[in-house]
Every structure is written in C-alpha cells, then in structure tokens.
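One structure below.
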Amino acid sequence: MDYLTHQLLEQSAVKKLVEQLLQDKASWEDGKKTAGSYASLQKNNLQLNRKSKTSIEISESIRNKMKSNPLIKSYSLPRQFHGINFTRTGEEQGYGYHVDNPYMSSGRSDLSFTLFLNEPEDYQGGELSIQTIQTHKEIKLPAGYLVIYPSTSLHSVKKVTKGERLVCIGWIQSYIRSNEDRNLLFGIDAGAKGLLAEHGRSPQLDLIFQAYSNLVRRLGD
Ligand code: NI
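Heads up: the sequence shown begins at 740 in the working numbering, then just goes up one per residue.
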C-alpha cells in the first residue's frame, strides 16, 4: 500500500487556522450525523458543521493550498478535492476500521487525506491506522503535515487516551481511478522532473513528457 506524507502548512499558518476553528464553538456537532449507517456504529467524534462559515472558509484555503502543491498534484492527479471537513477526537473516542464511501454527493473517493492540525505530543493514541494484507501502518504526523492514501483501504483512528486530536480530512477524485496506474505515472513524472532539474530541457525529455501526457489521456476516465 503506497501513501504520501508531506508538509502542507507552516506552523504559524496552522496556529492561526486552529484558533479560528476552535473559536466557532456553536458549529461543532456529533460526527455520527455524516457517517453511513454501517460506518456510524464505529464513529465517535466531533465534527465542524460543513455549512458553517468557518468550515467553508478554511476548507477553501486548504483546497487552494493542495491544488497549488506540485508534489500533491503529481502524486494524486486530482480532478477535485472534496468533502473537506474538520474533526476533533477526545478522550475515549476513536473511529473503528471502515472503508470510505466510494461515491459521495461531493464526488468519487479515489484517495483520502488527513491533515494533522495539532502536535503529536498534544494527545496520546489517535494514530491513523491503515490496514494492509499482512499488517497495518500507523500514522501520526506533526501539525501542518498530511498523509494521502488510497480510499480503497480499510482504516481506523485509534482511540485517544489523553488530550484531543484535531484534523482536517477529505477526499480526492483523481483523473486516474486505479492506484496502480497512478503510482506508475507518479514514478515517470517524478523521474522526468528530476532529470529536468539536473540537466535541463532536452529532446529526449520532451519525448518522455509527451509519453507521460498521452498515458494520462489513455488511462484517465
Ligand atoms: Ni475514513
């Protein structure tokens, strides 16, 4: 299972954003409201009302940050970033193993992301756990960092035993539905861009970028 971790926001930007989020006390509600009926049995957290002004404003700024990030663009080949929302998981809360809905009112989920908004030292537990065939991978990142992983995987949020975990989550509908195809394309793009940085433009690189673009055309839906 492949995934990408990356710093999206500087510490000062995260601080400002968190202040704004926590100030809007009236807009936080029970997370069960937005889970499917099966997943809701596993879900136990607080979520910021997506229609609130705070949520709309901050989601938009995070979406723009992600859109303009070259690494995220190359890895996920995004058609759209959607369903962005904010959750708080307090003591004794978590979210058991589940798979995200494939189609949401906001779009198809090819990739899921979690942007961590407070520091790992601020809470115990609360790891994002992604299941692989043999084992699972636990992820807990510094504030401002995100992980992007295939929505096809079973994942959970381990129970928080102390403090509170604050994250932004959302989904990416990609031009490329298949994880395997997307990863192949990422390898070609990253390699070609590395060559470009090291040696500059060349007719040979033009051919590689041409083939890359045409592969995206062929594999895209
Ligand atoms: Ni999920």
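All C-beta atoms in this analysis are idealised placements derived from N, C-alpha and C, irrespective of residue type, glycine included. Just so it is clear, the structure is predicted and the values come from calculations on it, not from any experiment.
Legend entry - Under 8 Å between C-beta atoms of ILE887 and TYR951: no
Legend entry - Local conformation of TYR914 per DSSP, three classes: coil
Inset, instruction - Return the CA-CA distance between VAL753 and GLN943, expressed in angstroms with no decimal places. - result: 42 Å
Legend entry - One or two residues paired with HIS821 in a DSSP bridge: TRP910
Legend entry - Collapsed DSSP secondary structure at ASP769 in the structure displayed: strand
Legend entry - ASN857 beta carbon less than 8 Å from that of VAL757: A contact, by the Cβ cut-off of 8 Å.
Legend entry - Chain-order list of residues whose beta-carbon lies under 8 Å from that of GLU830 (same chain, five-residue window excluded): VAL899, THR900, LYS901, GLY902, GLU903
Inset, instruction - Measure the alpha-carbon distance for ASP920 versus LEU958 and round it to whole angstroms. - result: Answer to the nearest angstrom: the Cα atoms are 7 Å apart.
Legend entry - MET805 versus SER798: straight-line alpha-carbon distance, rounded: 11 Å
Inset, instruction - Could you tell me which of SER890, LEU854, ILE872 sits nearest to ILE878, measuring between CA atoms? - result: LEU854
Inset, instruction - Give a single yes or no on whether SER851 has its beta carbon closer than 7 Å to a heavy atom of the ligand NI. - result: At least one heavy atom of the ligand NI is nearer than 7 Å to the Cβ of SER851, so yes.
Inset, instruction - Please state whether DSSP places GLN832 in a helix, a strand or coil. - result: coil
Legend entry - Three-pair Cβ contact test at 8 Å for the stretch 867–877 versus the stretch 928–938: no
Legend entry - Sheet register partners of PRO889 (DSSP bridge): LEU850
Legend entry - Option in ASN922, LYS755, ILE915 with minimal Cα separation from ASP960: ILE915
Legend entry - Own chain partners of GLN746 with C-beta closer than 6 Å, once the 5 adjacent residues on each side are dropped: GLY883, TYR884
Inset, instruction - Quick one: using the 10 Å Cβ neighbour count with 16 as the cut-off for buried, is LYS803 buried or exposed? - result: As written in the sequence, residue 803 is Asn, which differs from the Lys given in the question. By the neighbour-count rule (16 or more Cβ atoms within 10 Å), ASN803 is not buried but exposed.
Inset, instruction - Please state whether DSSP places ILE878 in a helix, a strand or coil. - result: strand
Legend entry - Helix, strand or coil at ASN922 [DSSP, three-state]: ASN922 carries a helical assignment under DSSP once its states are collapsed to helix, strand and coil.
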